[in-house]
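Numbering (the numbering used here), first residue to last: 5 to 809. What follows is a short report on a single structure.
The following block contains the structure:
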């Protein structure tokens, strides 16, 4: 640990020492940007709830504007994450579908798909979004702001480790039509059309429609006609901007989209047949669990199979009909009509700003989101029968925020005060179908479970300019969280917290920003619904094996210590942003399973598996993130980033269960020093773009601009669980695109995953419930481990055009 602290201290000192030398070099040059200097364009962001230049904002932020998103070929937040240091998103989380895709910042994960336990959140125009995020495309975005480290002081709930803010486009007064089309191998098709313009003298509007279809890249060997990994999304959105007066502005926006996916491209590896570690003797008899140790193999195309055929679906529906009608939360199995995912979502917001004559401004935000989905998939991800799983959810949230801003003391002090309120309601239902015994279990016809949260907060910002070079910033929020779960008869849980951020900002010249940042985040606690269902004898057994686990669990705390440098150089042709940080997680929330004797005579297993969430570990996280943009010439631009994140468990409560680690190594083994799972230590990306006007006629086109772009994305290996036994392979993706741009038309050819990288982009430790574990007893053995890996999309070649009228 000492050498890590020295490494962080050395990095911090290097930043400080680098400033004078770089500053003198910049000062010695002419900083004026003329036509020949090809300086980097200034980027304006709103990450601190006010407009600021990216290079002047003293927190770690990565941002992508609409042109950058288009040029890179990014289609969703998973694509954006690959180009963002310190952010990692797996395409699938703990279910074989794009349901609970959660952003993870700086090595911070919670192995739980509950939206109330997300460690980071997505906002659209500053409005909180509770539900899924993959279906939200990037076609309508002005920019994406990715804010790293705790953002609880300003953004509140579920911004424990970071936040992502989608800023949508504003319609202009001039009538415009934008069209985009894409076609690629493996049945990928995308189309989008947007129309905008002035409706009246003070009202502008925009309407956008998009359709995205990605064919499956793998065949189900149980039915070769079925593709795995097929995804379809269509959406329609509208925006109105009203300016009744010079100092009053209102923006109203609505988005509706539907996702319709087939079975996911997921396979099981490291299962029962591949176990090569564990089985250590336990005091009193028995042995620990066995597991796979080593680098996860990549499944061959000939072994990719799932029980998701039409015959499998019909058998499951026939068994359900004998039982009754499944609990419906809007969508039904008739809507699904096969294995996969159906989702319908609405996102709406109204934002208003009033500028007072005295320089103050009042901002009011209102948001409403509603999402329904139904999912049915193969739980064991093999071609032999284990069981299928279904899940349905109805998620609804309403939020409102108001803030007043102004200046004082001859503009030396900039201040903001505000408050917000968020109400989240979640209904969930689901069950499991046993394909061998041909019956449903675990509440598929039972009433839906109701959970939710009400969060109220008061926040403030004080920016004080001490002198021309030194600024101190105080941000703080008092937040009250009220958590509820109808399955637990404990009323509501209340969590009150004051969440500060303090920043010292030094700007020795116009091209340099150095900052020190201390911030705190919290992740509210909640309820253990499955623990609440246990009888007295089962609770005694649970306490014996997992001390401290109860019907409730407590909140978690994160402290962030960060030093950063934002630096222009070479006459502002280049910009580099560096952040070095140490973060400490305390009372860390973790998920686990307990195996309790079943007392229900009608249960399918003699042993009951109880999922729970508890508190315990303390984790130390050290990291460095670097962003660099360099206009090497008027035609050639380099962009890249790199991150190093080392998250290791520092301590764990004595006697508390440690999840998968304790199951394999034994209850007395120390979990200290284990790396946090499902986050790579190293990641980097780089792109090189060449763009050159061609004078005269080329291919019959007058004065076109020729361009090419090469992108590379590297992800280091990561562990699937805190056992640190099974790890993924490293991955390097290469994309290339080239084409021509005219006044209002661009056409390009592209290839993605040029060298057919096949390392899995995600890996999830989960019980092996395949048939080869069940045969003999007929019962499930949830103590047998396996890993589900998402299969990477293969090489594709395609063409894309963009037309503006």
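Where is the CB? At the ideal position from N, CA and C, for every residue including glycine.
In three-state terms, what does DSSP make of residue i?
| i | result |
| --- | --- |
| residue 794 | strand |
| residue 446 | coil |
| residue 297 | coil |
| residue 70 | helix |
| residue 719 | strand |
| residue 137 | coil |
| residue 277 | helix |
| residue 531 | strand |
| residue 62 | coil |
| residue 810 | This structure does not reach residue 810, given that the chain is present from 5 up to 809, and the question cannot be answered. |
| residue 321 | helix |
| residue 693 | strand |
| residue 546 | helix |
If distances are taken between C-alpha atoms only, which option among the options comes closest to residue i?
| i | options | result |
| --- | --- | --- |
| residue 133 | 288, 353, 523 | 353 |
| residue 75 | 542, 87, 191 | 87 |
| residue 519 | 571, 545, 558, 418 | 571 |
| residue 140 | 119, 127, 152, 150 | 127 |
| residue 347 | 605, 471, 102, 55 | 102 |
| residue 243 | 232, 257, 696 | 257 |
| residue 526 | 545, 502, 515, 200 | 502 |
| residue 619 | 656, 612, 587, 633 | 656 |
| residue 582 | 327, 646, 799, 350 | 646 |
| residue 497 | 635, 385, 482, 458 | 458 |
| residue 44 | 462, 340, 638, 311 | 638 |
| residue 617 | 443, 546, 210 | 546 |
| residue 713 | 770, 690, 114, 463 | 690 |
| residue 373 | 768, 207, 398 | 398 |
| residue 727 | 771, 682, 733, 678 | 678 |
| residue 463 | 575, 421, 298 | 421 |
| residue 320 | 247, 633, 337 | 337 |
Measure the CB-CB distance between residue i and residue j and report whether it falls below 8 Å.
| i | j | result |
| --- | --- | --- |
| residue 124 | residue 92 | no |
| residue 380 | residue 343 | yes |
| residue 268 | residue 221 | no |
| residue 510 | residue 469 | no |
| residue 663 | residue 686 | no |
| residue 447 | residue 435 | yes |
| residue 1 | residue 70 | Because the chain is modelled from 5 through 809, residue 1 falls outside the range shown and cannot be assessed. |
| residue 622 | residue 590 | yes |
| residue 792 | residue 272 | yes |
| residue 287 | residue 265 | no |
| residue 109 | residue 166 | yes |
| residue 65 | residue 151 | yes |
| residue 424 | residue 409 | no |
| residue 2 | residue 757 | Outside the displayed span of the chain (5 to 809) sits residue 2, for which this structure offers no information. |
| residue 239 | residue 259 | yes |
| residue 577 | residue 42 | yes |
| residue 790 | residue 274 | yes |
| residue 226 | residue 311 | yes |
Check the DSSP bridge columns for residue i and list the partner residues they point to.
| i | result |
| --- | --- |
| residue 217 | 193, 236 |
| residue 565 | 522, 586 |
| residue 369 | 355, 405 |
| residue 418 | 411, 467 |
| residue 736 | 718 |
| residue 292 | Answer by DSSP bridge pairing: none, since residue 292 is not bridged. |
| residue 803 | 187, 753 |
| residue 427 | 402, 458 |
| residue 378 | 346, 396 |
Leaving aside the five residues before and after residue i along the sequence, list all residues of the same chain whose C-beta is less than 7 Å from its C-beta, in chain order.
| i | result |
| --- | --- |
| residue 394 | 379, 380, 434, 435, 448 |
| residue 598 | 546, 549, 550, 614, 616 |
| residue 416 | 468, 469 |
| residue 61 | 49, 51, 52 |
| residue 359 | 251, 365 |
| residue 317 | 342, 343 |
| residue 283 | 291, 292, 294 |
Excluding five sequence neighbours on each side, which residues of the same chain lie with their C-beta closer than 6 Å to the C-beta of residue i?
| i | result |
| --- | --- |
| residue 716 | 690, 738 |
| residue 130 | 369 |
| residue 693 | 641, 713 |
| residue 189 | 800, 801 |
| residue 429 | 400, 456 |
| residue 794 | 95, 96, 270, 764, 765, 766 |
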